[in-house]
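Participant: Below is a structure I'd like to ask you about.
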Amino acid sequence: MLCPQCQRYNDDERVVCAYCGRTLERELPDADEAELMRFRQGRHLRQQESQEETQPRHRRSAGASRAFEDPLPPESPESTGEIYGRSESLANTGFFYGDDNMENDRAEQERKERADAAQHAMPVEDLVKRRSRARRARNYQRAVNWAHVTIAAFVLLIMGTLGFLLFLRNTATGQVMVARWGYDASAEAMWIVGEECFDRGEVDRAIGYFTAAREKNKEAGEPNADGLMLLGEAYEAQGNLPAAEEVYAYVYTTVQPSLAEAYRAQVRVLREQGRDAEAAALLQIAYQQTGQPTFRSQRLDILPSIPTVDVAAGYYTERKSVQLLQLQEYSVYYTLNPLAVLPEEGILYEGPIELGEGEHELRAVAVYGDLVSDPVKVTYQIYMPTPLSPEANLAPGTYNSARTNVRLWKRELDDEELEKNPGYAATLDDEVAQTVTIYYTIDGSIPDADSPIFTGEPIVMATNGYMTLRAVAVNGYGKQGNMKEVEIKLNLRTKSPKVYCTEDTLGALKLGTTTQDAFLRQYGEGSSKESVWLPGIDGECVRHIYSWGYVTFMKTGAGWLLAEVYLTSNEFKPPRDTAIGMKEADITAEFKDYGQVTSPSGNRGLYHDIKSSDKGKIYVQEDGGKIIRYRTGTPDMHVWQLDYILDGNGICTAIRWLYER
Numbered sequence: 014m015l016c017p018q019c020q021r022y023n024d025d026e027r028v029v030c031a032y033c034g035r036t037l038e039r040e041l042p043d044a045d046e047a048e049l050m051r052f053r054q055g056r057h058l059r060q061q062e063s064q065e066e067t068q069p070r071h072r073r074s075a076g077a078s079r080a081f082e083d084p085l086p087p088e089s090p091e092s093t094g095e096i097y098g099r100s101e102s103l104a105n106t107g108f109f110y111g112d113d114n115m116e117n118d119r120a121e122q123e124r125k126e127r128a129d130a131a132q133h134a135m136p137v138e139d140l141v142k143r144r145s146r147a148r149r150a151r152n153y154q155r156a157v158n159w160a161h162v163t164i165a166a167f168v169l170l171i172m173g174t175l176g177f178l179l180f181l182r183n184t185a186t187g188q189v190m191v192a193r194w195g196y197d198a199s200a201e202a203m204w205i206v207g208e209e210c211f212d213r214g215e216v217d218r219a220i221g222y223f224t225a226a227r228e229k230n231k232e233a234g235e236p237n238a239d240g241l242m243l244l245g246e247a248y249e250a251q252g253n254l255p256a257a258e259e260v261y262a263y264v265y266t267t268v269q270p271s272l273a274e275a276y277r278a279q280v281r282v283l284r285e286q287g288r289d290a291e292a293a294a295l296l297q298i299a300y301q302q303t304g305q306p307t308f309r310s311q312r313l314d315i316l317p318s319i320p321t322v323d324v325a326a327g328y329y330t331e332r333k334s335v336q337l338l339q340l341q342e343y344s345v346y347y348t349l350n351p352l353a354v355l356p357e358e359g360i361l362y363e364g365p366i367e368l369g370e371g372e373h374e375l376r377a378v379a380v381y382g383d384l385v386s387d388p389v390k391v392t393y394q395i396y397m398p399t400p401l402s403p404e405a406n407l408a409p410g411t412y413n414s415a416r417t418n419v420r421l422w423k424r425e426l427d428d429e430e431l432e433k434n435p436g437y438a439a440t441l442d443d444e445v446a447q448t449v450t451i452y453y454t455i456d457g458s459i460p461d462a463d464s465p466i467f468t469g470e471p472i473v474m475a476t477n478g479y480m481t482l483r484a485v486a487v488n489g490y491g492k493q494g495n496m497k498e499v500e501i502k503l504n505l506r507t508k509s510p511k512v513y514c515t516e517d518t519l520g521a522l523k524l525g526t527t528t529q530d531a532f533l534r535q536y537g538e539g540s541s542k543e544s545v546w547l548p549g550i551d552g553e554c555v556r557h558i559y560s561w562g563y564v565t566f567m568k569t570g571a572g573w574l575l576a577e578v579y580l581t582s583n584e585f586k587p588p589r590d591t592a593i594g595m596k597e598a599d600i601t602a603e604f605k606d607y608g609q610v611t612s613p614s615g616n617r618g619l620y621h622d623i624k625s626s627d628k629g630k631i632y633v634q635e636d637g638g639k640i641i642r643y644r645t646g647t648p649d650m651h652v653w654q655l656d657y658i659l660d661g662n663g664i665c666t667a668i669r670w671l672y673e674r
């Protein structure tokens, strides 16, 4: 039986081919197929029968080549190739010419064909035809199989292509390959390929990859700090420092505030642009965020050195004069206000800072251009010993005669009092604390540094009515003690003048009441006028100049009213029969005077009601002249001020009358 797979014959009893293992199909051969088989085996059945016994068979020796000599006559169809070619014979018969057993196989095959024809009761020619048709069907089947093979190969190609595409799409290695080819890939692949470009010196191309990767990370909400640092370095290499600055700032403000490398890179960029002040500020933030001491050291190297003080912080019992020192001799700004901002709200240091009693927080910074040092901060507590209030030989009461021998002295404590006051006892050995100056007043004012000093000369209190002696002791540290106050009443036969009041006017004029129109109608426009500003008057003012002086009017809701009169001649009648050309003593005699002596400055208090605005005092001027000044309050809460201006000889040369609102 012929195997449709390998084209070899098997025994009719076999079910499976002995050569290839394929299942055999049993078919009834026909005569045509048998005849065709005989032709393909190199024999013509009819000639075979007549010539089989007469023509000898040629065999080749073992080991011969596949070439053979055709034993058929040269003119036979088989030898001429009219029926078939040798390649067809080899392909269709399955025999290899040159084998030692080829002739025996042919004879055996013919015998089987004749037996099959006899078994099926048909001529051999019909059996050959039948088998030929079967062979053609098998050949067709084999053609269909090749189509299947082609389809299978195409399917395998498609599957391989899809697999490769999946590899490129879903694996890290594949995405890197895609990125290298210039196509869109994952952010991780973009970072990797960008770094490869950067390492090769392809900076612009690397920036392109890095930028694309950054955008992908941003969309995913997963920024890559290491990749961003590479992008910043690429911008630096490109010379685009603003872009590098933006990237580094984004890293340490948004992505990873504790990443030290981001701060270092940003400081490098800032300093390269000459922005040392910003670099120093960033180093402070970097130190706070990372805790790395190198940031603090680098910051101190950039900034000016911190100022120093020559007086250590601490507790003191005396005034202190503090000097600020700066090694580089840069400008130093300081403040004693704990809320002030340095250096903007500070004071330029130009000399020693004087500190009195109290608690002081001194802060100072050195400034060089835009660079500001860290501040020095020093706290001082200055509490000087407090002197005791002075003693006086005047007791409160009513007296019928003047007190002409009033004295003051420094108070001393006995042993019992010292035990009760250990703080003061501790100052007994302090020479500065025990050096005391006594200031006093009898004009009704509070003693201060512009009050008379008791030098041992007796104090005279000789004004009728109530008088008050007030005195304070001030030690060498400038610390003032409690005030000594003694009030007495003197019933004297003499009558003292009154204090200056609103009844005291210049002729018929009244401050704050006389109108400009009324004055100008009576005295004219004057030689000229000008706009001026007056102390104590909030508003527009206009001044008219005359030969005897000038007058000033102020603009109010009620119109232009009299605000000032200045006389250099007696054009108007001054109050209380005073006049220009009078001496100091003659003028003061017309008003209240408690007889207080002058202070070390040369000023002298005449009277002072601390409960009202009534006050009289003589002030010494720089040119040696003086001003006798009286002030009084008005019912509508304003002030009238009357000044007598004296020359160096004590003669009145001018009178000034002024309104304050």
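By my numbering, the letter at position 596 of the sequence shown is numbered 609, and the numbering carries on one by one without gaps. C-beta atoms are modelled at their ideal positions from N, C-alpha and C, and glycine is treated no differently. Because the structure is a prediction, the values reported are computed rather than measured.
Please confirm if the segment 546-559 is in contact with the segment 620-633, defined as three or more CB-CB distances below 8 Å between the two stretches.
Facilitator: No, because fewer than three Cβ pairs between the segment 546-559 and the segment 620-633 fall closer than 8 Å, the two stretches do not touch.
Participant: Please give me, in chain order, every unbroken run of the alpha helix (DSSP H) with length at least 4 that falls completely inside the segment 246-304.
Facilitator: Taking only runs of at least 4 residues, the alpha helix (DSSP H) segments lying wholly in the segment 246-304 are 254-263, 273-285, 289-303.
Participant: According to DSSP, is residue 220 helix, strand or coil?
Facilitator: Helix at residue 220.
Participant: Could you give the distance in angstroms between the alpha-carbon of residue 667 and the alpha-carbon of residue 588?
Facilitator: C-alpha separation (whole angstroms): 14 Å.
Participant: Hey, quick one: how far does the alpha helix (DSSP H) through residue 204 stretch, first residue to last?
Facilitator: Residues 200-212.
Participant: Contact defined as beta carbons within less than 8 Å: I believe residue 37 pairs with residue 28. What is the distance between those atoms, to the nearest angstrom?
Facilitator: That belief holds up - the Cβ atoms of residue 37 and residue 28 are roughly 6 Å apart, short of 8 Å.
Participant: Secondary structure at residue 650, three-state DSSP: helix, strand or coil?
Facilitator: Looking at residue 650 - three-state DSSP - the assignment turns out to be coil, as it is neither helix nor strand.
Participant: Alpha carbon to alpha carbon, what distance is there between residue 651 and residue 298?
Facilitator: Answer to the nearest angstrom: the Cα atoms are 58 Å apart.
Participant: So, residue 525 versus residue 412, is the Cβ gap smaller than 8 Å?
Facilitator: No.
Participant: Given this structure, state the Cα-to-Cα distance separating residue 213 from residue 251, to the nearest angstrom.
Facilitator: Answer to the nearest angstrom: the Cα atoms are 14 Å apart.
Participant: Since residue 248 contacts residue 260 with CB under 8 Å, what's their CB separation in whole angstroms?
Facilitator: Indeed, because the Cβ distance is near 6 Å, the residues count as touching under 8 Å.
Participant: May I ask which residues mark the beginning and end of the alpha helix (DSSP H) holding residue 535?
Facilitator: Where residue 535 is concerned, the enclosing alpha helix (DSSP H) stretches over 529-536.
Participant: Over what stretch of residues does the beta strand (DSSP E) that includes residue 333 continue unbroken?
Facilitator: Counting along the chain, the beta strand (DSSP E) containing residue 333 begins and ends at 333-335.
Participant: I need the DSSP call for residue 566, collapsed to helix, strand or coil.
Facilitator: Reduced to three states, the DSSP call for residue 566 is strand.
Participant: What is the DSSP secondary structure of residue 437, counted as helix, strand or coil?
Facilitator: Looking at residue 437 - three-state DSSP - the assignment turns out to be helix.
Participant: Relative to the C-alpha of residue 591, which residue among 655, 364, 623 is closest?
Facilitator: Nearest of 655, 364, 623 to residue 591, Cα basis: 655.
Participant: Would you check if the segment 574-585 and the segment 504-523 touch, i.e. whether three or more CB-CB distances between them fall below 8 Å?
Facilitator: Touching, yes.
Participant: From the DSSP output, in three-state form, read off residue 458 for me.
Facilitator: Of the three classes helix, strand and coil, the one that applies to residue 458 here is coil, per DSSP.
Participant: In angstroms with no decimal places, state the Cα-to-Cα distance between residue 397 and residue 436.
Facilitator: Approximately 11 Å between the Cα atoms of the pair.
Participant: Compare the C-alpha of residue 425 against each of 478, 288, 441 and name the closest.
Facilitator: Of 478, 288, 441, the residue nearest in Cα terms is 441.
Participant: Three Cβ pairs or more, each shorter than 8 Å: is that satisfied between the segment 446-460 and the segment 608-617?
Facilitator: Yes, the segment 446-460 is in contact with the segment 608-617.
Participant: With a floor of 4 residues, list each alpha helix (DSSP H) that falls wholly inside the segment 480-508, ordered by position along the chain.
Facilitator: Qualifying alpha helix (DSSP H) stretches: none in this window.
Participant: When DSSP builds the beta bridges, which residues end up paired with residue 541?
Facilitator: Per DSSP, 558.
Participant: So which of 602, 571, 482 has the shortest CA-CA distance to residue 511?
Facilitator: It is 602 whose Cα lies nearest to the Cα of residue 511.
Participant: Name the residue from 625, 486, 199 whose alpha carbon lies nearest to the alpha carbon of residue 232.
Facilitator: The candidate whose alpha carbon is nearest that of residue 232 is 199.
Participant: Express the C-alpha separation of residue 264 and residue 185 in angstroms, rounding to a whole number.
Facilitator: Cα-Cα distance, rounded: 25 Å.
Participant: Take the Cβ of residue 389 as the centre, count every other Cβ of all protein chains shown within 10 Å, and call the residue buried at 16 or more, exposed below.
Facilitator: It is buried - the Cβ of residue 389 has at least 16 other Cβ atoms within 10 Å.
Participant: List the whole-angstrom C-beta distance separating residue 316 from residue 293, where the pair is believed to meet the contact cut-off of C-beta under 8 Å.
Facilitator: With 8 Å as the limit, residue 316 and residue 293 qualify as a contact, their Cβ atoms being about 5 Å apart.
Participant: Just reading off the alpha helix (DSSP H) that residue 593 is part of, what are its end residues?
Facilitator: Note, residue 593: premise wrong, no alpha helix (DSSP H); not H, not E.
Participant: Taking DSSP as the reference, what is the three-state secondary structure of residue 661?
Facilitator: DSSP places residue 661 in coil when its eight states are reduced to three.
Participant: Any idea what DSSP makes of residue 446, helix, strand or coil?
Facilitator: Residue state, collapsed to three classes: helix.
Participant: By the three-class DSSP mapping on this structure, what secondary structure does residue 674 have?
Facilitator: Residue state, collapsed to three classes: coil.
Participant: Taking C-beta to C-beta, are residue 540 and residue 559 nearer than 8 Å?
Facilitator: Yes, they are a contact pair.
Participant: Does residue 657 pass the burial test, meaning 16 or more other C-beta atoms within 10 Å, or should it be called exposed?
Facilitator: Classification for residue 657: buried.
Participant: Can you tell me which of the three DSSP states residue 642 falls into?
Facilitator: Strand.
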